[in-house]
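Read the structure below first, then the notes.
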Amino acid sequence: MIRKKKFFLGINLEMDPSAAIVSQGKVIAYCEEERFNRIKHAKGYYPQESIKYCLNKAGCDLGDIEEITINWNLRAYNSGEIEEFYKSIQNKYKVDNYTLAWQKRNLFKRSKKEYENYHKSHLRSIFGNTKIPNIMGYPHHFTHAFQSFSQSGFQEAICITIDGSGDQHTTVLWKCQSHKIAPVYEIRIPHSLGWFYAAITEYLGFKAYDGEYKVMGLAAYGGKNYKIRQALKKIIKVSKDGIGYVIDPSFIHYGKHSYSGRFTDKLVHLLGKKPLRENNEIDKWSMSLAFESQRLLEITVIRLIKWATEKYKIYNVCVGGGVGLNVKLNSKIFDIKEVKDVFAHPLCSDSGAACGSALLANYKKNDYFPEKLTNLNLGYCESDREIEKNLKITKVNYKREKNIALSVAKLLDKDYVVGWFQGSMEAGPRALGYRSILANPRSISSRDRVNKIVKFREDWRPFCPSVLEEHVDKYFSSYTHAPFMIMAFQANNKLSKDAPAIVHVDGTARVQMVSKKYNPLYHKMISAFYKITGVAVVLNTSFNIKGEPIVCTSRDALRTFWSSGLDALAIGNYLILKPKVIK
402 MIRKKKFFLG
412 INLEMDPSAA
422 IVSQGKVIAY
432 CEEERFNRIK
442 HAKGYYPQES
452 IKYCLNKAGC
462 DLGDIEEITI
472 NWNLRAYNSG
482 EIEEFYKSIQ
492 NKYKVDNYTL
502 AWQKRNLFKR
512 SKKEYENYHK
522 SHLRSIFGNT
532 KIPNIMGYPH
542 HFTHAFQSFS
552 QSGFQEAICI
562 TIDGSGDQHT
572 TVLWKCQSHK
582 IAPVYEIRIP
592 HSLGWFYAAI
602 TEYLGFKAYD
612 GEYKVMGLAA
622 YGGKNYKIRQ
632 ALKKIIKVSK
642 DGIGYVIDPS
652 FIHYGKHSYS
662 GRFTDKLVHL
672 LGKKPLRENN
682 EIDKWSMSLA
692 FESQRLLEIT
702 VIRLIKWATE
712 KYKIYNVCVG
722 GGVGLNVKLN
732 SKIFDIKEVK
742 DVFAHPLCSD
752 SGAACGSALL
762 ANYKKNDYFP
772 EKLTNLNLGY
782 CESDREIEKN
792 LKITKVNYKR
802 EKNIALSVAK
812 LLDKDYVVGW
822 FQGSMEAGPR
832 ALGYRSILAN
842 PRSISSRDRV
852 NKIVKFREDW
862 RPFCPSVLEE
872 HVDKYFSSYT
882 HAPFMIMAFQ
892 ANNKLSKDAP
902 AIVHVDGTAR
912 VQMVSKKYNP
922 LYHKMISAFY
932 KITGVAVVLN
942 TSFNIKGEPI
952 VCTSRDALRT
962 FWSSGLDALA
972 IGNYLILKPK
982 VIK
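In terms of the working numbering, the numbers along the sequence shown are unbroken and rise by one, the last being 984.
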């Protein structure tokens, strides 16, 4: 008997609102709302365009949805459990008014009645007066853990989930075997590594929950600073059991905030230097603060993982939660002697948990355990016919190429900087060869041009290599399978020589290994570049300019092309060259 196909709609309403459709253990469609409304992070927006896109791609309508899923434990908010937990915090710490308001807001907006009414009103504004499927919330950190382990391909693993906060928790270790996932060590609010790193992010003049990757990149330029190191030890200490950590919240949230809501004046007094403002010049001290903060994060997480792997004799590690986007941390986990392999989920933040909650519901309701994650081209796609229609509207000069991959490879060899718009848009924050800006990795000047006149970003930011999967051995001696640009490895001398533009100042590279099976056109283009140059690598960065989301549609691509210093645009099978570079 053939089972009727059932669909689950996952929705995330937090930072980077998003939607996903899951059926039979597979994510069919996923997108973040910012890609459609073109507002970076789209905070406060309901993901209506993402929902409509996902339903359309899945070939279903709202009436076909068995359950709408949310990555928050709504039962805990409605039973009084979270309220009692908040009261226990208030009894233990001198909680500031901002935090009290945050707690009150959480209890209100995640009450069952309010949550259902909020979704129903928005969904009916989109789809009319129709029946709304049941809305079910799932524990936040369990959702992260389930998503990461179930899509890792491991039979067993230790999973660590780390974020700002989710329900009561901030960091949880999980023992994962077969289809069983159980917590073995839990750390609760206010002891949050995510909040600590967000505080440092804003201290350095970047935006929390947006600029953490800048802190990570900046850390490589810093060095040891004993005074900063001793100061940070007052914020994060080893817990009494020698395993976990405790954070003094009076440096982060509980106190007076003259500079930022992410840290208190007490932190400013501790560090002895005023925080940077946006666009302030980065000095050596600031680089050292980034270095020491990254180091402390790594040491803290490594201690937790070492304890778990030694206790349970399980040596694969999965990473979930927003802190999992820290590629240097993931690589330090991989470097642990006892660790056999690491899978950091590329959609590990709350936006990706729209997939996680739907996958979890599909398993609980229909017994479909998720498939191993192999590709992330889950987003919007345009045919050549649709692309050409927009090209004609804009009256731009373009040419249809017989071999777009070879044409682009030749341009890269000549140091052209090329926009690459192909197929279905990738999910998540990394460009994976569907919406990318590409450059010659041999050319430092091309790298600098991308920073200055294409991306309009800081000149110290690193770029990433897309490497042909079959040539990875040439460039890295110690690595694991990394198709999603979520791990960084030490580059060998050959990579540093062949592709200096993509090796960071600390000698590492955040690599994407490109498979012929899962991304054939991108693989074909890099292969053509390899045949021309002998280098099986291209410089790859996301197709957007500073302050904007990655491009979604051909119109987005054309607008970004003409408003930046890009030399060429490969859009479907069509090629556009700017007049100044036509030869």
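Where is the CB? At the ideal position from N, CA and C, for every residue including glycine. Only a predicted model underlies this, so the values are computations on that prediction, with no experimental measurement involved.
query	result
In the DSSP output, which residue or residues are listed as bridge partners for Cys560?	Trp575 and Cys719
Would you tell me roughly how many angstroms separate the C-alpha atoms of Val718 and Ala889, rounded to the nearest one?	16 angstroms
Run through DSSP, which three-state label would Ile533 get?	coil
Quick check: what's the CA-CA separation for Ala892 versus Val939?	15 angstroms
Run the CB neighbour count on Pro921, radius 10 Å, all protein chains shown included, and call it buried at 16 or more, exposed below.	exposed
Under three-state DSSP, which class holds Tyr817?	coil
Helix, strand or coil, according to DSSP, for Pro584 in the structure here?	strand
By the three-class DSSP mapping on this structure, what secondary structure does Tyr454 have?	helix
Can you look up Asp742 in the DSSP assignment and give me helix, strand or coil?	strand
Kindly confirm or deny that the stretch 835–854 and the stretch 873–881 touch, where touching means at least three C-beta pairs closer than 8 angstroms.	no
Distance, Cα to Cα, Trp821 vs Asn804?	14 angstroms
Alpha carbon to alpha carbon, what distance is there between Gly834 and Arg506?	40 angstroms
Mapping the DSSP letters down to three states, classify Leu922 as helix, strand or coil.	helix
Going straight from the alpha carbon of Asp564 to that of Gln631, what length do you get?	24 angstroms
Considering just the uninterrupted stretch of the beta strand (DSSP E) at Thr470, what are its terminal residues?	Ile466 to Ile471
Look up Arg960 in the DSSP assignment and give the residues it is bridged to.	According to DSSP, which records beta bridges pairwise, Arg960 is partnered with nothing at all.
Once you ignore the five residues that flank Arg956 on each side, which residues in its own chain have a CB closer than 6 angstroms to its CB?	Asn791
Tell me which same chain residues have a C-beta within less than 8 angstroms of the C-beta of Ser943, skipping the five on either side of it?	Pro830, Arg831, Ala832, Arg836, Ser837, Ile838 and Ile951
Quick check on Tyr627: buried or exposed, where buried means 16 or more other Cβ atoms within 10 Å of its Cβ?	exposed
With which residues is Lys714 paired in a DSSP beta bridge?	Looking at the DSSP assignment, Lys714 forms no beta bridge with any residue, so it has no partner.
Can the beta-carbon of Pro540 be found closer than 7 angstroms to that of Tyr604?	no
CB-CB under 8 angstroms to Met402, same chain, minus the five flanking residues each way: which ones, in chain order?	Any reading at Met402 must be qualified, since the residue scores a pLDDT of 40, below 50, and its modelled position is unreliable; no value is offered.
Please check the pair Cys432 and Tyr781, which I expect to be a contact at CB under 8 angstroms, by giving their CB distance rounded to whole angstroms.	7 angstroms
Tell me which same chain residues have a C-beta within less than 6 angstroms of the C-beta of Ser752, skipping the five on either side of it?	Asn413, Asp417, Ser419 and Glu433
For the stretch 904–918 and the stretch 859–869, state whether three or more C-beta atom pairs, one from each stretch, are separated by less than 8 angstroms.	yes
Under 7 angstroms between the Cβ atoms of Leu475 and Lys513?	yes
Taking 7 angstroms as the limit between beta carbons, can you name the residues of its chain near Asp465, skipping five residues before and five after?	Phe408
Going by the CB atoms, is the gap between Ser480 and Ile601 shorter than 7 angstroms?	no
Counting only runs that start and end within the stretch 858–918, where is the beta strand (DSSP E) found for 3 or more residues in a row?	865–869, 889–891, 909–911 and 913–915
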